[in-house]
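The structure appears right after this line, and notes come after that.
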Amino acid sequence: MSQSVVIDCFPGSVQRYRNEHAIVAIDVIRATTTAVTTVSLGRRCVPVDSLATALRAASRLTNPLLLGELGGKMPSGFDLTNSPAQLALRDDISRPAILLSTSGTQLICAAAGCQAVYLGCFRNCASLSRYLLGRHPRIAVIGAGSRDEFREEDQMCCAFITEALINGGYEPENRRTMEIVERWSGAPPSACANGKSAAYLRSSGQVNDLEFILSHINDINAVFKLDGDEIVMLPLELQSQFPVPNAGAPGIPDATSLAPQGLA
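All the letters of the sequence shown, read from the start, carry residue numbers 62 to 325 under the working numbering.
If you want it as structure tokens, here you go:
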């Protein structure tokens, strides 16, 4: 059976892939990084696509932690903005997190009901790439986008995962997919440090999140998936059912090849 992969952007693009593709949702700055960090620490995480949905989810959970932003601002009554750095410092992991963001959680929720929905960021792109190889015949790797732009950090993460799949035998579904892979092949994560998302974090006093994102590269050897309305970390035995290439294989980024190069 032929295997193929495509890169796309924005929550609205999910409809093109709903029937035939597994989805990889990517919002490096910051929703998928925050979600992966949340679940890796042992905290439950429920992504939502609106403030109303967040409040409904909160009413069903015991002492939830409300995380997120809309248009860059933390909604009234929330505990934290969409900050992986701040979240990583908290020790109240028994409190389930409800995560809301302008773009990233919109993408995750839009993909609900597809054959599979995975979350990718710089922290787990190598392990996710290994897991996906040969597991689904068609895969759509989708960046969340911001302000109608396919931001650099999301292009990079999409490209890292897609390059690994192509090197593992998948065919790119269109020329645009291959162009994005070629543009970012071999680039360090710090290549996105001068982009608009990074500039926003600096100008809004949230440089700690930029530093966190660029200093946590493939440090989580796990796969994160949407299960119902909750993000879960797959058990190790499920992640290792089928032998696949190691992180150092061509096209699969590892912690050495993607080491941070500074924030200039």
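Backbone N, C-alpha and C define an ideal beta-carbon position, used for all residues, glycine too.
On a predicted model such as this, the values are computed, not experimentally measured, just so you know.
I need the DSSP call for S188, collapsed to helix, strand or coil. helix
Start-to-end residues for the alpha helix (DSSP H) that takes in R30: With the chain running from 62 to 325 in the structure shown, residue 30 is simply not present.
Can you give me the Cβ contacts of L161 inside the same chain, cut-off strictly under 6 Å, excluding the 5 residues immediately before and after it? V109, A115, G129
Is the beta carbon of L102 closer than 8 Å to that of I169? no
Within a Cβ cutoff of 7 Å, which residues of the same chain sit near G330, ignoring the five residues on either side of it in sequence? This structure does not reach residue 330, given that the chain is present from 62 up to 325, and the question cannot be answered.
For G181, write down the residues that DSSP places opposite it in a beta bridge. I87
Have a look at N185 and V85 and give me their C-alpha separation to the nearest angstrom. 12 Å
Would L180 and V97 be called neighbours here (beta carbons separated by less than 8 Å)? yes
Is the beta carbon of L141 less than 8 Å from the beta carbon of T99? no
Do V75 and E234 have their C-beta atoms closer together than 8 Å? no
Taking the alpha helix (DSSP H) that M239 belongs to, which residues open and close that run? 236 to 245
Which partner residues does I292 have in the DSSP bridge list? C106, L287
Unbroken beta strand (DSSP E) run spanning C170, endpoints: Here C170 belongs to no beta strand (DSSP E); instead the alpha helix (DSSP H) covers 165 to 171.
Top-ranked residue by Cα proximity to L193, from G73, V293, H82, C70: H82
Along the chain, where does the beta strand (DSSP E) containing S65 start, and where does it finish? 65 to 70
Check whether the Cβ atoms of L189 and I159 sit closer than 8 Å, and answer yes or no. no
Residues bridged to I200 by DSSP? V66, A83
Which residue from A113, A201, A205, F139 puts its Cα closest to that of P72? A205
With DSSP run on the structure shown, which of helix, strand or coil describes P145? helix
In the DSSP output, what is I159 paired with across the bridge? V107, L127
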